[in-house]
């Protein structure tokens, strides 16, 4: 029994480590996406000053507004992950669908209709979530967007916990408090820096004496 307990404890630690690693990589990729979006916006092709239907001067092609940019990013994501998803999860998913179809009936039991409804709701929420991020990032800095993204995710975690009845552990509560305190500190120092008078640059032209 002791060996089984240690084995389960090791599996739990391994699972927690893998989960933390996936979350860290996800946040890193999200930040890199924001950085590359800002770099893309600094080019004529990615300039958001003109609508997507207007050709950029010089024949460089159409510029992209926030909705078009988000659409192309999601399309690239689908192309990148649809093949691995089919290879790794396709057989298992088809097996489960066949099992449900032969035992309870997908249409007769209402499982298919409920899944389609939830998929549409989830897709709309996911699209709105990421489109809002893309829209805001076009108007603020990457650092400010990362700070706002932290609060946005906290809001999503709290709302999800309340709606689905998921209890917030003491460790999760500590993480929430730390995130709020860090965001408040970032906002305070940003406001202080904005209100601080900037010194005159020696590169500015000086009036004739």
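Numbering (full-length UniProt numbering), first residue to last: 1 to 209.
We put the beta carbon where it would ideally sit given N, CA and C, even for glycine.
> How many whole angstroms separate the CB atoms of residue 41 and residue 167, which I take to be in contact at a CB cut-off of 8 Å?
Replying inline: For the purposes of this step, residue 41 is taken as residue 41 along the chain shown, with counting starting at 1. For the purposes of this step, residue 167 is taken as residue 167 along the chain shown, with counting starting at 1. Rounded, the Cβ-Cβ distance is 41 Å, inconsistent with contact.
> Who are the near neighbours of residue 156 in its chain, counting only those whose CB is closer than 6 Å to its CB and skipping five residues on each side?
Replying inline: Here residue 156 refers to the residue found at position 156 of the chain shown. Within the same chain, residue 156 has no close Cβ partners at all.
> By Cβ distance, which residues of its chain are closer than 8 Å to residue 154, with the 5 residues on each side in sequence left out?
Replying inline: As a first step, residue 154 must be located in the chain shown, where it is residue number 154. Once the five neighbours on either side are set aside, the close Cβ partners of residue 154 are 176, 179, 180.
> Which of the three DSSP states, helix, strand or coil, is assigned to residue 95?
Replying inline: Here the question's residue 95 lines up with position 95 in the chain shown. Residue state, collapsed to three classes: helix.
> Apart from the five residues on each side of it in sequence, which residues of its chain come closer than 8 Å, Cβ to Cβ, to residue 162?
Replying inline: The sequence position of residue 162 within the chain shown is 162, counting from 1. Within the same chain, residue 162 has no close Cβ partners at all.
> If we count Cβ pairs, one from each stretch, closer than 8 Å, do we get three or more for the region 78-86 versus the region 143-153?
Replying inline: no
> Just curious, the alpha helix (DSSP H) that residue 107 is in, first and last residue?
Replying inline: On the chain shown, position 107 is the one that residue 107 refers to. Residue 107 -> no alpha helix (DSSP H), and no H or E assigned at all.
>> Using a 10 Å radius around the Cβ and a threshold of 16 neighbouring Cβ atoms, would you call residue 133 buried or exposed?
In response: As a first step, residue 133 must be located in the chain shown, where it is residue number 133. By the 10 Å Cβ count, residue 133 comes out buried.
> On the three-state DSSP scale, how would you describe residue 166?
Replying inline: Mapped onto the chain shown, residue 166 falls at position 166. The answer is coil: DSSP assigns residue 166 none of H, G, I, E or B.
> Does the Cβ of residue 123 have 16 or more other Cβ atoms within 10 Å, making it buried, or fewer, making it exposed?
Replying inline: Within the chain shown, numbered from 1, the residue matching residue 123 stands at position 123. Its Cβ having fewer than 16 others within 10 Å, residue 123 is exposed.
>> My output table needs one value for residue 137: the three-state DSSP class, helix, strand or coil.
In response: Locating residue 137 in the chain shown gives position 137, counting from the first residue. Note: residue 137 maps to helix in three-state DSSP.
>> Is it buried or exposed, residue 105, if we count other Cβ atoms within 10 angstroms and call 16 or more buried?
In response: Position 105 of the chain shown, counted from the start, is the residue given in the question as residue 105. The residue is exposed, with fewer than 16 neighbouring Cβ atoms inside 10 Å.
>> Do residue 150 and residue 214 count as a contact pair if the criterion is CB distance below 7 Å?
In response: Summary: the structure shown does not reach residue 214, with the chain confined to residues 1 through 209, and so no result is reported for it.
> Can you tell me the Cα-Cα spacing of residue 100 and residue 74, whole angstroms?
Replying inline: On the chain shown, residue 100 is found 100 positions in, with the first residue counted as 1. On the chain shown, residue 74 is found 74 positions in, with the first residue counted as 1. Computed Cα separation, rounded: 30 Å.
>> What does the alpha-carbon distance come out to for the pair residue 142 and residue 31?
In response: Locating residue 142 in the chain shown gives position 142, counting from the first residue. Locating residue 31 in the chain shown gives position 31, counting from the first residue. Going by the C-alpha atoms only, they are around 8 Å apart.
> Can you tell me whether residue 69 is buried or exposed, with buried defined as 16 or more other CB within 10 angstroms of its CB?
Replying inline: For the purposes of this step, residue 69 is taken as the residue at position 69 of the chain shown. The residue in question, residue 69, is buried, as its Cβ has 16 or more Cβ neighbours within 10 Å.
> Around the Cβ of residue 57, are there at least 16 other Cβ atoms within 10 angstroms (buried) or fewer (exposed)?
Replying inline: Taking the first residue of the chain shown as 1, we reach residue 57 at position 57. Unreliable placement is indicated for residue 57, whose pLDDT of 41 sits below 50; the coordinate value is still reported in the next sentence. Its Cβ having fewer than 16 others within 10 Å, residue 57 is exposed.
> Buried or exposed: residue 115, going by 16 or more other Cβ atoms within 10 Å of its Cβ?
Replying inline: As a working note, residue 115 is residue 115 in the chain shown. Flag for residue 115 reads exposed.
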